[in-house]
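Since the structure comes first, as structure tokens, the remarks are kept for the end.
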Amino acid sequence: MSGSALYETFARAPLAFDRGEGSWLITEDGKRYLDFAGGIAVNSLGHSHPHLVAAITEQAAKLWHVSNLYEIPNQRRLGERLAAATFADKVFFTNSGAEALECAIKTARRYHFVNGNPERYRTITFEGAFHGRTLATIAAGGQQKYLEGFGPKVEGFDQVAFDDIDAAEKLIGPETAAILLEPVQGEGGIRQFPTASLKRVRELCDKHGLLLIFDEVQCGIGRTGKLFAHEWSGVTPDLMAIAKGIGGGFPMGACLSTDEAAVGMTAGVHGTTFGGNPLAMAVGNAVLDVVLEDGFLDEVNRKALVMKQGLAAIADEYPDVIEDIRGIGLMLGLKCKQLNSKVNGALREHELLAVPAGDNVIRLLPPLNVTDEDIRVGLERVRAGAASLSQHAPEAARKQSA
Ligand SMILES: Cc1ncc(COP(=O)(O)O)c(C=O)c1O
Numbered sequence: 003m004s005g006s007a008l009y010e011t012f013a014r015a016p017l018a019f020d021r022g023e024g025s026w027l028i029t030e031d032g033k034r035y036l037d038f039a040g041g042i043a044v045n046s047l048g049h050s051h052p053h054l055v056a057a058i059t060e061q062a063a064k065l066w067h068v069s070n071l072y073e074i075p076n077q078r079r080l081g082e083r084l085a086a087a088t089f090a091d092k093v094f095f096t097n098s099g100a101e102a103l104e105c106a107i108k109t110a111r112r113y114h115f116v117n118g119n120p121e122r123y124r125t126i127t128f129e130g131a132f133h134g135r136t137l138a139t140i141a142a143g144g145q146q147k148y149l150e151g152f153g154p155k156v157e158g159f160d161q162v163a164f165d166d167i168d169a170a171e172k173l174i175g176p177e178t179a180a181i182l183l184e185p186v187q188g189e190g191g192i193r194q195f196p197t198a199s200l201k202r203v204r205e206l207c208d209k210h211g212l213l214l215i216f217d218e219v220q221c222g223i224g225r226t227g228k229l230f231a232h233e234w235s236g237v238t239p240d241l242m243a244i245a246k247g248i249g250g251g252f253p254m255g256a257c258l259s260t261d262e263a264a265v266g267m268t269a270g271v272h273g274t275t276f277g278g279n280p281l282a283m284a285v286g287n288a289v290l291d292v293v294l295e296d297g298f299l300d301e302v303n304r305k306a307l308v309m310k311q312g313l314a315a316i317a318d319e320y321p322d323v324i325e326d327i328r329g330i331g332l333m334l335g336l337k338c339k340q341l342n343s344k345v346n347g348a349l350r351e352h353e354l355l356a357v358p359a360g361d362n363v364i365r366l367l368p369p370l371n372v373t374d375e376d377i378r379v380g381l382e383r384v385r386a387g388a389a390s391l392s393q394h395a396p397e398a399a400r401k402q403s404a
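The sequence shown begins at 3 in this note's numbering and counts up by one.
Have a look at this one:
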């Protein structure tokens, strides 16, 4: 909205929503959009999930914020639950993904510092990465369009091509502290690191005494059909940043660490005012209640298969619009033949919300508890959107989508 009091940093669609119900977003005048954007992979359980609403309402009536000057029992509990479910022993709560990454990068640097190697502070990252918009995380992401105009790039980040593990190995030197990657790149276009590459990266880290950091801000919390995407590979990191899905829409994140990697994070070396506050912790615990329920992730995988097969059929029908389907679980990408922004516009015309990504991809990120019926409707809308752009659309399909 030009002329508003807001920074003009976002290219917003001319759409505003009044409320959300499950997989649906509803405008003030009652128009219903199927939300497969999920606030960019945030609304892990859709909108207005009764268990989350109850948890935040109950907590809001009791206590919002006290700061980390005091014990926060629900913070301790959520930390213990995350540790019990993962490789981690220790957790630091943040308000966002970028802050979780900052904590992971600082933890890796401190690890080497307290082990007598203060010169080891550099982190190797991969092209296509997105780790956030703070000064350090734009340096880690390495994308020129996000770095330009913000002064000298923060020192200590070296980048290699996506999945080029040989190049990563060559870059390791006496100053290298860590290797950082998203097991499935989100903004980069739903690109998954092969299991063999993750294994090699782990071996390199072990061989050279580096810490392995996974960024599961987007691909974590059940999104790929496992609690964390790296579980598909059997490779575990030393540090992991999470956010988005753990809050289900409430802003929160966390840095997870092994005891060993967190050895330098002693009293006073790092902090946050808001991170881990009682409101956020009530929601985080409520999200885990649902995602850790027996059979929940099995259902994610079953639905993911239905969706992927449905999308593959549409790609076959409209190869001049959709080239390929990629992704894992409910983190799916349409590799577009036409401009992804155009395809996204066509989907929105058909009241389906999705998110463009790099590599000319459209991300589909439905709630993890999406219903079969909503998947059916979503596939219909993708088909209609594709038909409206296709040169080869059967007449019937074009009319239906008109
Ligand atoms: C993989 C990944 N890491 C980090 C971030 C940054 O998270 P935030 O925007 O909460 O700072 C994002 C956000 O899209 C992300 O997708």
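In this text, a Cβ means the ideal position worked out from N, Cα and C, and glycines have one as well.
field: Boundaries of the beta strand (DSSP E) in which K337 is found, first to last residue
entry: 333-338
- prompt: Which residue comes first and which comes last in the alpha helix (DSSP H) that contains D168?
  reply: 167-173
- prompt: Whole alpha helix (DSSP H) runs in the segment 115-144 with 4 or more residues, listed along the chain?
  reply: 137-143
Of the listed residues A243, A315, L366, Q393, nearest to L84 (C-alpha basis): A243
query: So C257 is in the beta strand (DSSP E); what residue range does that whole segment cover?
result: 255-259
query: How would you write the range of the alpha helix (DSSP H) that G40 sits in, first residue to last?
result: 40-43
- prompt: So does F416 have its beta carbon nearer than 7 Å to some heavy atom of ligand 1?
  reply: Lying outside 3 to 404, the shown extent of the chain, residue 416 is not represented and no answer is given.
query: Would V271 pass as a contact of A245 if the rule is Cβ separation under 8 Å?
result: no
Span of the alpha helix (DSSP H) around M267: Segment: none, M267 is in no alpha helix (DSSP H) and carries neither H nor E.
message: So for A404, helix, strand or coil by DSSP?
response: Model confidence at A404 stands at a pLDDT of 46, short of 50, so the residue's coordinates are unreliable and nothing is read from them.
task: Flag I28 as yes if its beta-carbon sits less than 8 Å from any beta-carbon of chain D, otherwise no.
output: The structure shown contains no chain D; it holds only a single protein chain.
task: Return yes when the Cβ of A100 is within less than 8 Å of the Cβ of R135, no when it is not.
output: The beta carbons of R135 and A100 sit closer together than 8 Å.
message: Applying the 10 Å Cβ sphere with the 16-neighbour rule, what's the burial state of E184?
response: buried
C-beta contact flag for G224 and L299 at 8 Å: yes
- prompt: Are Q340 and L391 touching if we call contact CB-CB under 8 Å?
  reply: Taking C-beta atoms as the reference points, Q340 and L391 count as a pair closer than 8 Å.
message: I'd like the list of long-range same chain contacts for A404, defined as Cβ closer than 7 Å, with 5 residues on each side in sequence excluded.
response: Caution applies to A404, whose pLDDT of 46 falls short of 50 and renders its modelled position unreliable; the model cannot decide the point.
K155 and A169 closer than 8 Å at C-beta: no
- request: Taking G32 as part of the beta strand (DSSP E), name the residues at either end of that continuous run.
  value: Careful: G32 lies outside any beta strand (DSSP E) and carries neither H nor E.
field: Given T96 as reference, the closest of E325, F276, A359, H53 once Cα atoms are compared
entry: F276
message: Assuming V285 and I58 are in contact, meaning their beta carbons sit under 8 Å apart, how far apart are those beta carbons, in whole angstroms?
response: 5 Å
Sequence-distant residues of the same chain with beta carbon closer than 8 Å to L149, five excluded per side: Answer for L149: I140, A141, K155, listed in chain order.
- prompt: Taking DSSP as the reference, what is the three-state secondary structure of P280?
  reply: helix
message: Can you find the residues in the same chain that come closer than 8 Å, C-beta to C-beta, to E60, ignoring five residues on each side of it along the sequence?
response: Contacts found: A284.
query: Roughly how many angstroms lie between the CA atoms of G222 and A62, to the nearest whole one?
result: One C-alpha to the other measures close to 27 Å.
query: Going by C-alpha distance, which of A163, D37, V302, I327 is nearest A421?
result: Outside the shown range of the chain, which is 3 to 404, sits residue 421, and nothing can be said about it.
message: Under 7 Å: does the beta carbon of G360 sit that close to some heavy atom of ligand 1?
response: no
Limits of the alpha helix (DSSP H) - the one that I324 falls within: Note, I324: premise wrong, no alpha helix (DSSP H); beta strand (DSSP E) at 324-330.
field: In DSSP terms, what V357 is bridged to
entry: R365
message: For H49, list the residues DSSP reports as bridge partners.
response: G24
task: Please report how far the alpha carbon of K172 lies from the alpha carbon of G236, in whole angstroms.
output: 25 Å
Local conformation of T59 per DSSP, three classes: helix
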